[in-house]
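S.K.: Residue numbers (the working numbering): 84 to 379.
#1: Between which two residues does the beta strand (DSSP E) harbouring residue 191 extend?
#2: Go through its chain and collect everything with a Cβ distance to residue 232's Cβ below 6 Å, but skip five positions before and after it.
#3: Among residues of its own chain, excluding the 5 on either side of residue 308, which ones have a beta-carbon nearer than 8 Å to its beta-carbon?
#4: How big is the Cα-Cα spacing for residue 193 and residue 333?
#5: When we look at the beta-carbon of residue 182 and count the other beta-carbons within 10 Å, is it buried (16 or more) or exposed?
#6: If you compare alpha carbons, which of 272, 176 and 106 is closest to residue 188?
#7: Have a look at the DSSP bridge pairing and note the partners of residue 135.
#8: Just to check my reading of the structure: residue 320 and residue 269 have Cβ atoms closer than 8 Å, yes? What is that Cβ distance to the nearest angstrom?
#9: In angstroms, rounded to a whole number, what distance separates the CA positions of residue 112 and residue 271?
#10: In whole angstroms, what separates the C-alpha of residue 263 from that of residue 331?
#11: Please return the same chain residues whose Cβ sits closer than 6 Å to the Cβ of residue 135, not counting the five positions on each side in sequence.
#12: Going by CA-CA distance only, name the one from 139, 88, 366 and 159 that's closest to residue 225.
#13: Can you tell me the Cβ-Cβ gap for residue 215 and residue 184, rounded? I've got them flagged as a contact below 8 Å.
#14: What span of residues does the beta strand (DSSP E) with residue 125 cover, start to end?
#15: Under the three-state reduction of DSSP, which class applies to residue 105: helix, strand or coil?
#16: Could you compute how far the alpha carbon of residue 240 sits from the alpha carbon of residue 345?
#17: For residue 203 and residue 196, what's the separation of their Cα atoms in angstroms?
#18: Within the chosen definition, does the segment 274-286 reach the segment 358-377 through at least 3 CB pairs nearer than 8 Å?
#19: Got a sec, what are the start and stop residues for the beta strand (DSSP E) residue 326 sits in?
#20: Candidates 313, 326, 212 and 290: which alpha carbon is nearest residue 357's?
#21: For a test of the three-state rule: what should DSSP assign to residue 233, helix, strand or coil?
#22: Run through the DSSP bridge pairs and tell me what residue 140 is partnered with.
#23: Would you grab the beta carbon distance between residue 372 and residue 234 for me? Rounded to a whole angstrom, and I think it's under 8 Å.
#24: Classify residue 105 as buried or exposed, calling it buried when 16 or more other Cβ atoms lie within 10 Å of its own Cβ.
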């Protein structure tokens with residue numbers, strides 16, 4: 084649907100508001116996923132256990148069933164303190180919001196990217212809000228984020244009244260680097276993972292061979308090798324999540340609207356790919372981007 088909609092949705096993206104007004108029928112992704120075998124990842128033992136409800140990890144160490152390995156995920160519970168959460172909420176409310184798709188609002192600080200044409204423009208990006216600097220500073224406490232250099236910080240708000248969600252996808256692999264970072268500020272939620280079977284032309288997946296060897300020779304299946312599985316990653320309030328390797332490149336991730344039961348605000352952080360950093364044709368742009376990305 085190409086109708087310009089005041090809610091911010093366009094194309095195949097929709098929210099409860101435009102679905103009602105324009106009589107859009109959205110496929111029930113949750114019902115589709117529930118037909119598969121599902122597992123819930125436990126941040127404590129770093130394994131995925133049979134189940135669907137995100138809070139199953141709270142039963143650790145008394146899990147039931149047979150666990151599977153699910154590499155490429157790091158979850159830090161209580162990454163933010165209660166004081167930091169409240170401080171961030173007050174800070175973010177003072178920054179103007181922009182309408183986004185699928186019932187979301189956003190605050191974006193970073194370059195403008197055209198993933199299809201592989202074009203980057205610095206535009207009006209001149210750094211990040213000083214008041215949010217402490218979040219990036221806390222990355223130094225996380226070993227897996229060693230040398231992580233943020234070039235994009237995006238605040239996303241998920242509104243249950245609008246049926247907010249984000250469809251299954253893999254973050255672009257031409258420009259965004261090997262670690263995908265999310266800080267869940269308020270609102271417990273879940274990231275639902277489904278294995279990707281599409282072409283490597285989508286999401287610029289072909290670019291991976293230029294810089295990553297972490298995904299070779301690994302495939303996650305359950306006992307029936309022809310049956311897909313769903314892995315649910317808990318995102319409690321105040322937590323940090325990093326996707327990398329297998330989880331980053333071989334699995335699509337999404338947020339189901341059924342998992343947004345209260346207002347959710349998260350911060351998403353992106354780094355550049357090694358080839359983009361080293362590509363001499365982008366050298367001046369990279370220098371200027373990194374210069375601006377160091378400003379708060």
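Think of the CB as a built atom: it goes at the ideal place given N, C-alpha and C, for glycine as much as any other residue.
M.R.: On the basis of the coordinates in this document:
#1: 187-192
#2: 354
#3: Caution is warranted here: a pLDDT of 45 is assigned to residue 308, below 50, making its placement in the model unreliable, and no coordinate value can be reported.
#4: 26 Å
#5: exposed
#6: 176
#7: Beta-bridge pairing links residue 135 to no other residue.
#8: 5 Å
#9: 20 Å
#10: 7 Å
#11: 121
#12: 159
#13: So it is not a contact: roughly 23 Å between Cβ atoms.
#14: 120-125
#15: coil
#16: 11 Å
#17: 5 Å
#18: no
#19: 323-326
#20: 290
#21: coil
#22: According to DSSP, which records beta bridges pairwise, residue 140 is partnered with nothing at all.
#23: 6 Å
#24: exposed
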